[in-house]
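**Student:** Shown below is the structure under consideration.
Protein chains in written order, with my numbering: chain A, 441 to 613; chain B, 51 to 358.
Encoded structure:
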């Protein structure tokens, strides 16, 4: 690997720009995604920027159980994001359709339609889990480049090293 | 011999200082200062020091959407024109004493400063995206509003001294009229650099990314760079007007950088402390409130000249 490729890999890992898309979500995960950019969690430390246009984005963040209406929009937006790109499914809904399973208005889960790189389960997941998922997606994206996506990664909901767990313990105590 | 020497000086100014070799890292630095200052004002930690550089490299490695025809070629050309004109504007700044320059380079500088926003307007319209068109229309309205004040302010400084040469203007002693002009220019800078409270063309919550909506990859990297160079050129213009004359070149360069940095900090803090105004409020602000000062400045400049 020459110097330019190393620099490119490093830059990709340190500059994930997100595009947020709602696939029929109840807005719970959307609020948590925004919360991850607020002063308490401050995802901008990792270079994260929430972009207005899918053309600018590297990582597509999708929430919600994927309704029939959302499928075509999600496929279009996935096509509009230029490579190298990664997809993060935020919440339990895009992973399993959650409590809405077998609903006739749904066409989920998400990985039936587009390849998903990272699942961040939770209903809703905590902002630090979302940041962990985005950081993981940026790492995957940097290593993979323009190659087709391989298998997806699951962010654990309870992890001793994760801030979620320690903070939850503090709250309980 | 003299011609060769002048050519060498001009090339050195364009390529080394205050041109590309100096301006590109400074552009990234100013972009970082802007983001960091906004983050600190909001109680966040903010992006790491190298962030704009990483963003630039990453964008260079991304793909661009397929474009065809004349509109596609134009869309590829706009960011390049914007970057080169902004770089040219930085190269014209009379930072070092006795660095050359010619009668009328102020007019060239103003034209080069204006070209990037012309390119943004054209880019939004040629992208064919509805958000791009709305953003371009806003940019056009904004540029008509603030440019009157901006040009009148600079004109008043130039007219009072009867010169259009930048280095002559930079060497003037400070007077109340000049400070009036500098304040008027400072009021116009947030609109020129698309900052709050005048960040209308790239109002993300309303029109996505405005004229930049359809841009991606290396082209977007060029837009980011041209935005950074605009920062350097616009703050540098004010810095050269404020700075007193120093015979030592390195003192002059240091003072220039320090003053530009202070102006960037000031503008970022104002941007973080304010919310976006509506387009009609913005236009009214420039045409009704600020224009009076600019007209006053020009009137007093002419008065001073006739009295002298």
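Positions of the beta carbon are idealized from the N, C-alpha and C atoms, including for glycine.
Need the endpoints of the beta strand (DSSP E) that residue 460 of chain A sits in, please.
**Tutor:** Indexing the first chain from 1 puts residue 460 of chain A at position 20. Residue 460 of chain A -> beta strand (DSSP E) spans 457-462.
**Student:** Tell me the start and end of each unbroken alpha helix (DSSP H) in the region 106-153 of chain B that is at least 4 residues and wholly inside, in chain order.
**Tutor:** Those alpha helix (DSSP H) runs which fall completely within the region 106-153 of chain B and span 4+ residues are 119-142.
**Student:** Once DSSP output is grouped into helix, strand and coil, what is the label at residue 272 of chain B?
**Tutor:** By one-based count along the second chain, residue 272 of chain B stands at place 222. If DSSP states are grouped into helix, strand and coil, residue 272 of chain B belongs with the helices.
**Student:** Short of 6 Å in beta carbon distance, which residues of its chain neighbour residue 179 of chain B, apart from the five on each side in sequence? Order them along the chain.
**Tutor:** In the second chain, counting from the first residue as 1, residue 179 of chain B sits at position 129. Closer than 6 Å at the Cβ level, and outside the excluded window around residue 179 of chain B, lie 263 and 264.
**Student:** Is there contact between the region 179-197 of chain B and the region 319-339 of chain B, where contact requires at least three CB pairs shorter than 8 Å?
**Tutor:** Enough Cβ pairs lie closer than 8 Å, so yes.
**Student:** For the region 225-248 of chain B, which residues have a beta carbon sitting closer than 9 Å to at least one beta carbon of chain A?
**Tutor:** So the list is empty, because no residue satisfies the distance condition.
**Student:** Pull the bridge partners of residue 594 of chain A from the DSSP assignment, please.
**Tutor:** Reading the first chain from its first residue, position 154 is the one you call residue 594 of chain A. In DSSP, residue 594 of chain A forms a bridge with A/559.
**Student:** Residues of chain A with a CB under 7 Å from the CB of residue 93 of chain B: which are they?
**Tutor:** Taking the second chain and counting its residues from 1, one reaches residue 93 of chain B at position 43. Within 7 Å Cβ-Cβ: 479.
**Student:** Output the distance between the C-alpha atoms of residue 229 of chain B and residue 59 of chain B, rounded to the nearest integer angstrom.
**Tutor:** Numbered from 1 along the second chain, position 179 holds the residue referred to as residue 229 of chain B. Numbered from 1 along the second chain, position 9 holds the residue referred to as residue 59 of chain B. Distance between the alpha carbons of residue 229 of chain B and residue 59 of chain B is about 31 Å.
**Student:** Which residues of chain A have a Cβ atom closer than 8 Å to the Cβ of residue 263 of chain B, listed in chain order?
**Tutor:** Position 213 of the second chain, counting from 1, holds the residue named residue 263 of chain B. The contacting residues are 492, 493 and 495.
**Student:** Is the shortest distance between the beta-carbon of residue 452 of chain A and the beta-carbons of chain B less than 8 Å?
**Tutor:** For the purposes of this step, residue 452 of chain A is taken as residue 12 along the first chain, with counting starting at 1. Taking Cβ atoms only, chain B reaches closer than 8 Å to residue 452 of chain A, which makes this a yes.
**Student:** Quick check on the DSSP output: the alpha helix (DSSP H) that includes residue 191 of chain B runs from which residue to which?
**Tutor:** For the purposes of this step, residue 191 of chain B is taken as the residue at position 141 of the second chain. Start and end: 180-211.
**Student:** Note down, in chain order, every chain B residue with its Cβ under 8 Å from the Cβ of residue 548 of chain A.
**Tutor:** Position 108 of the first chain, counting from 1, holds the residue named residue 548 of chain A. Neighbours of residue 548 of chain A on chain B: none; closest Cβ ~26 Å, over 8 Å.
**Student:** Are the Cβ atoms of residue 61 of chain B and residue 144 of chain B separated by less than 8 Å?
**Tutor:** By one-based count along the second chain, residue 61 of chain B stands at place 11. By one-based count along the second chain, residue 144 of chain B stands at place 94. No. Outside cutoff.
**Student:** In chain A, which residues lie with their C-beta within 7 Å of the C-beta of residue 104 of chain B?
**Tutor:** The sequence position of residue 104 of chain B within the second chain is 54, counting from 1. Neighbours of residue 104 of chain B on chain A, chain order: 451, 454, 455 and 487.
**Student:** Compare the C-alpha of residue 342 of chain B against each of B/233, B/357, B/308 and B/272 and name the closest.
**Tutor:** Position 292 of the second chain holds residue 342 of chain B. Looking at the Cα atoms, B/233 is the closest of the given residues.
**Student:** With H, G and I counted as helix, E and B as strand and the rest as coil, what does DSSP make of residue 339 of chain B?
**Tutor:** The residue you call residue 339 of chain B lines up with position 289 of the second chain. Of the three classes helix, strand and coil, the one that applies to residue 339 of chain B here is helix, per DSSP.
**Student:** Can you pull the chain A neighbours of residue 259 of chain B, defined as C-beta to C-beta under 9 Å?
**Tutor:** The residue you call residue 259 of chain B lines up with position 209 of the second chain. Within chain A, the residues near residue 259 of chain B are 491, 492, 493, 495 and 496.
**Student:** Beta carbon of residue 176 of chain B, beta carbon of residue 136 of chain B: below 8 Å?
**Tutor:** Along the second chain, read from residue 1 onward, the residue named residue 176 of chain B stands at position 126. Along the second chain, read from residue 1 onward, the residue named residue 136 of chain B stands at position 86. Taking 8 Å as the Cβ cut-off, residue 176 of chain B and residue 136 of chain B do not qualify as a contacting pair.
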